[in-house]
RNA sequence: GGGUCUGUAGCUCAGCUGGUUAGAGCACCGCCUUGAUAAGGCGGGGGUCACAGGUUCGAGUCCUGUCAGACCCA
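Numbering (my numbering), first residue to last: 1211 to 2130.
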């Protein structure tokens, strides 16, 4: 035993074993940041784009959709940014000039809310100052994560929607809309705090219990068959909104019952219509019970007819609406378009008009039409309204109703829905053009076209004003004393833009009306609007503020790439603003990806993930596994659909990574004594197996480049993975081990294989570079290259190895069939403990005639090498392939471990085979 | 409830215009190796292609419905 060991050690020194310092263990978590620092020190991104620019390369612009500057980078954000980077890097290596300007969406309620939540009662200018600070903090956090993920771009000069110049361009885009007569002003209900005298956002609402009078009110039908005979009954907890009633909504799915209802105690009798699903609760609450004739009535029969308003000399239109439910009420819903969002939409759809006779303080105006109510606060008006209804005989019943009701978070007063002037973009004027443009755009996947068409076809006019502080101001003015006659003027807006170009729109909030009037040559007393623009105008103007502005970019962009929710979001807002502004879509291709979901394909909610201790932050994963693993994971998934995610999937990806890495490592190890420039052999001197692996490389190269071109990163992943695992690891490297280790260092066979390996290594690292950004660069460096791999281009598929008549592939495929057959038999023998390693087997192969294999099998050495056996006998006398295994009698060569006939027959080296004796 | 989609081995994915016993990698099990060794090789088990109908000589692949999931809307 000790003898044997000593002996083998002796010969081990005579072998050419692989040598490399390329570490087996990647230790990405520590090494990646070092490499990143190095890249940033040499400004690798700049080098890449400069180099392509110098080459006069064609331009490819992927325009970054700005993530919201709030929160950490979670897996969904990471998926998006890495996909973008895969596109950019693969296009760059395909020879394109690919400048990438990342951006952030900075304005908006979520940030303002965080700021105001902490400290209430701040001045607008202070809210904006703190909001900006908040946004910038998260921009830094997110930027760090994106860089760490190996995403290349102009991180020093990203675009921020809070930049003064960006804001100015938003205002100019607005001016462009005004110029084309697309902006108008109209009333729309908003959540209104009469305590704070301001509109509120959903997020500023707190729910508290409150008791209100809930009343059942009858509306006598005044047209159609039932005119003058029966009445609809509505139920409401806001009696004060009845003066603004303009409609009654029914549910088309409900069956309605018309009957004479009699009150059990008073004996009062009424002919009423109630939805059947709500009949029981109606009886219980009002005491009215059907007594006598009953008749089924359908909602459709009543639709379009009218009912008399119980308090005013006017009618209320009967309509159908989906928001009518059987949860409460009567199945007939009081609709006041000026006092509710459902009501508003229903009002628009059914042409009901709009009334909102309430002022800032929550008091009725003259418009209410009922003398007793004018000047009265709406909540104080409730009992009066009820009294009036009672007088008119319209009140069926009343109760005190305890419910959860929205309150203002600041003033703690209850909230009302009240209509105020809002600004809108007239979508009908640009809808057709937008639809035309949609069809000129390439949508990936193709069904994206249907999705955006659906949203564009159905979207109502775009309400672009917000009663908020943290945003781009709506550049509109009001003449002195005329708050209802806004001055919407493109020229004025442009002047505002010019004034804020350098100093930012804080000016709008810091200077007073007089200052602005003076600057813009407006009459004294002119006031400015305190609204801001919808943030979708901000991000939707990026083609103006970024694509048109930056010299290295252009409009339309070649590609927009976001998650599917952006069909209604950014893709649409950008399309609408671009069509309005310049008449064409801002993009040539739009690609969407799915959302990250858990392994059961259910959506992941943030609170859930926290509860279950399932981290979703990208940082958790790149800090534990490395950015390359995360990127490899991105490349492996089907981004068109939901992307399942689970920490176990990560471990699986890490396993794939290890295989790829080890393949690179063994190739480097085998190339340690090889200089490709001086020691490469000519193609004609390559052996069969070398030609085969280069033919495989030819296919792999072609497939990968093609797949990158079609953004099919998954295919690249699968192709590279299988090439590494099967073609290289399990076949080529295994088969060539003997010649690599045992043949003379400078032997032709060995140099031939090194020639092939060098080409494989070089192509492989380039092909994987867009995905494994750190690892490919590291491997490239170990090959002795000075410049980063990311400055390289994809390898060209070598036409010398395209399959042709003399191709090695068909021969190798036949040999692989023999191999499979032999391995099965060997395995059988191994399980029976007849033999251990392959090299101990004596293989007797009976094969049918096979023209492809004729010549190759005559070459005993090549056949044995390919099949990795030492003692092979081939007989050609069978119809089917049969392999027979026994243990060989040949002695084992102490150096190459093959069992060869020649072992023991060489005098000078009795323990070696002929080949090894020669080498030694 | 409506619109747009998705559903193939434990997991990630292939399966082109319908045509032989549905493929690969990983994971799993067993064996070998210890000269890629916190590696490598070989073999094996595992799928009623979500479910139910239909068209067809023939369907994972076309049609209809059901179920489940995602996004958007209500």
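Yeah, the Cβ is synthetic: ideal placement off N, Cα and C, and Gly gets one too.
Beyond the five residues adjoining it in sequence on each side, residue 1533 comes within less than 8 Å, by CB distance, of 1459, 1543, 1552 and 1556 in the same chain, given in chain order. The residues 1869, 1870 and 1873, in chain order, have a CB closer than 7 Å to that of residue 1934 in the same chain once the five nearest residues on each side in sequence are set aside. Restricting attention to 1875, 1639, 1615 and 2065, the CA atom closest to the CA of residue 1939 is found in 1875. Considering only 1813, 1879 and 1867, the residue with the shortest C-alpha distance to residue 1856 is 1813. Distances from the alpha-carbon of residue 1847 to those of 1580, 1316, 1981 and 1454 put 1981 closest.
Of the residues assessed, residue 1234 falls on the exposed side of the cut-off, its CB having fewer than 16 other CB atoms within 10 angstroms. Within the same chain, and ignoring the five residues on either side of residue 1593 in sequence, the residues whose Cβ sits closer than 8 Å to its Cβ are 1423. Within the same chain, Cβ atoms closer than 6 Å to the Cβ of residue 1300 are found at 1918 and 1980, the five residues on either side in sequence being excluded. In the DSSP assignment, the residues bridged to residue 1518 are 1525. Contact between the region 1694 to 1707 and the region 1741 to 1750 is not established, with fewer than three Cβ pairs separated by less than 8 Å. In the DSSP secondary-structure assignment, residue 1687 is bridged to 1697 and 1738.
In this structure residue 1612 is exposed. Its beta-carbon is surrounded by fewer than 16 other beta-carbon atoms within 10 angstroms.
Counting only unbroken stretches of 4 or more residues, the alpha helix (DSSP H) elements lying wholly within the region 1479 to 1515 are 1489 to 1496 and 1509 to 1512, in sequence order. Secondary structure note for residue 1772: its beta strand (DSSP E) is the uninterrupted segment 1767 to 1773. From the listed residues 1499, 1512 and 1401, the smallest Cα separation to residue 1437 is found for 1512. DSSP, reduced to helix, strand and coil, places residue 1397 within a strand of the structure shown.
Taking every protein chain shown into account, the CB of residue 1656 has fewer than 16 other CB atoms within 10 angstroms, so this residue is exposed. Excluding residues up to 5 positions away in sequence, nothing lies with its Cβ nearer than 6 Å to the Cβ of residue 1252 in the same chain. Nearest to residue 1403 by alpha-carbon distance, out of 1800, 1902 and 1569, is 1569. Residue pairing by DSSP puts residue 1807 in a beta bridge opposite 1813 and 1854. Around the beta carbon of residue 1642, a 10 Å sphere encloses fewer than 16 other beta carbons of the protein chains shown; the residue is thus reported as exposed. For residue 1616, the enclosing beta strand (DSSP E) has its first and last residue at 1605 to 1618. A distance below 6 Å between beta-carbons, with the five flanking residues on each side excluded, links residue 1462 to the following residues of its chain, in chain order: 1509 and 1530. When the five nearest sequence neighbours on each side are left out, the beta carbons in the same chain lying within less than 7 Å of the beta carbon of residue 1946 are those of 1899 and 1963, in order along the chain. Looking from the CA of residue 1265, the closest CA among 1286, 1809, 1669 and 1307 belongs to 1307.
Annotated as proximal: residue 1796 and residue 1765, with beta-carbon spacing under 7 Å. Assignment of alpha helix (DSSP H) within the region 1859 to 1937, counting only whole runs of 4 or more residues, yields 1886 to 1889, 1898 to 1919 and 1923 to 1932 in chain order.
The three-state secondary structure of residue 1405, taken from DSSP, is coil. Within a 10 Å sphere around the beta-carbon of residue 1653 sit 16 or more other beta-carbons, which makes this residue buried. A direct Cα-Cα distance of roughly 22 Å separates residue 2010 from residue 2024.
In the three-state reduction of the DSSP assignment, residue 2109 falls in the strand class. Remark: C-beta atoms of residue 1672 and residue 1640 do not approach each other more closely than 7 Å. By DSSP's assignment, residue 2056 forms a beta bridge with 2085 and 2092. Around the beta carbon of residue 1880, 16 or more other beta carbons sit within 10 angstroms, so the residue counts as buried.
DSSP places residue 2009 within a helical segment (H, G or I) once states are collapsed to three. Taken through DSSP and simplified to helix, strand or coil, residue 1583 comes out as helix.
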